[in-house]
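Q:
In this note's numbering, the protein residues as written are 163 to 383.
(1) Could you have a look at residue 299 and say whether DSSP puts it in helix, strand or coil?
(2) From residue 233 to residue 365, what distance separates their C-alpha atoms?
(3) Go ahead and pull the three-state DSSP assignment for residue 251.
(4) Taking the DSSP output, what are the residues bridged to residue 330?
(5) Report yes if the CB atom of residue 310 is closer than 9 Å to the CB atom of residue 331, and no otherwise.
(6) List the DSSP bridge partners of residue 337.
(7) Can you look up residue 287 in the DSSP assignment and give me helix, strand or coil?
(8) For residue 275, I'd like the list of residues in its chain whose CB is within less than 6 Å of its CB, leaving aside the five on either flank, ordered along the chain.
(9) Let's see if you can read the secondary structure: which residues bound the alpha helix (DSSP H) around residue 370?
(10) Which same chain residues, not among the five before or five after residue 352, have their C-beta less than 8 Å away from its C-beta?
(11) Threshold first: 3 residues or longer. Then list the beta strand (DSSP E) segments lying entirely within the segment 176-254, N to C.
(12) Tell me where the alpha helix (DSSP H) around residue 321 begins and ends.
(13) Along the chain, where does the alpha helix (DSSP H) containing residue 261 start, and where does it finish?
(14) Is residue 347 helix, strand or coil when you go by DSSP?
(15) Please report how far the alpha carbon of residue 271 lies from the alpha carbon of residue 369, in whole angstroms.
(16) In terms of residue numbering, what span does the beta strand (DSSP E) encompassing residue 276 cover?
(17) Please name the residue or residues paired with residue 169 in a DSSP beta bridge.
(18) When you compare each of 377, 258 and 182 to residue 340 by their alpha carbons, which one comes out closest?
(19) Quick one: is residue 222 buried, meaning 16 or more other Cβ sit within 10 Å of its Cβ, or exposed?
(20) Helix, strand or coil, according to DSSP, for residue 314 in the structure here?
(21) Please report how far the alpha carbon of residue 380 lies from the alpha carbon of residue 195, in whole angstroms.
(22) Considering only their Cβ atoms, is the gap separating residue 371 from residue 360 smaller than 9 Å?
(23) Just the C-alpha distance for residue 323 and residue 178, rounded to the nearest angstrom, thanks.
Quick look at the structure:
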């Protein structure tokens with residue numbers, strides 16, 4: 163599958179999200195990656211539902227929402243009202259994944275399952291038909307700037323076996339040229355980029371981003 167990049171708006175200047183969306187548009191990224199953290203599922207708190215709604219409404223680039231929340235009933239009801247195109251939630255947050263995957267699809271969005279670094283992919287054997295993409299965390303969720311966990315990459319191959327060749331596998335967490343190439347070798351094709359490969363001083367760094375693109379075989383913009 164073709165490689166794609168998603169820029170994490172969590173790494174942009176939180177006081178200038180409009181400017182951040184413009185930078186992502188000009189970068190040629192395929193997606194805006196928007197993390198929603200509730201302070202419960204993870205310790206951090208990030209974007210609120212009103213911010214997600216306004217971002218999705220105004221962004222020229224599709225907004226992909228990654229829910230790191232404990233209360234999916236509340237979060238999904240809010241996020242699915244927005245113009246975002248993709249929504250993923252953590253398998254660790256629910257015992258009823260099919261219910262939520264179906265809800266996302268019924269709202270006209272692409273439905274994704276996110277998984278923590280040490281989660282086994284075997285649960286996908288039973289729910290793969292309901293999943294449009296899988297998001298693999300390659301660091302512990304919650305904060306940027308962590309070290310890439312090498313053991314998170316090999317299971318991508320098993321995920322590819324379980325979901326088939328035509329669905330996206332997204333990797334998120336300290337993704338740079340070397341870690342992206344490793345994940346790509348196992349079958350990942352969408353790379354969430356932050357400070358390692360796309361941002362400097364809370365702004366998109368095109369030199370850094372184009373070096374990443376060249377390293378994984380994407381044409382620089």
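We put the beta carbon where it would ideally sit given N, CA and C, even for glycine.
A: Here's the rundown:
(1) strand
(2) 32 Å
(3) strand
(4) 295
(5) no
(6) Answer is none; residue 337 lacks a bridge partner.
(7) helix
(8) 253, 293 and 296
(9) 368-378
(10) 165, 166, 167, 168, 192, 193, 295, 330, 331, 332 and 333
(11) 193-199, 225-230 and 248-252
(12) 317-325
(13) 259-268
(14) helix
(15) 33 Å
(16) 272-277
(17) 194 and 355
(18) 377
(19) exposed
(20) helix
(21) 19 Å
(22) yes
(23) 41 Å
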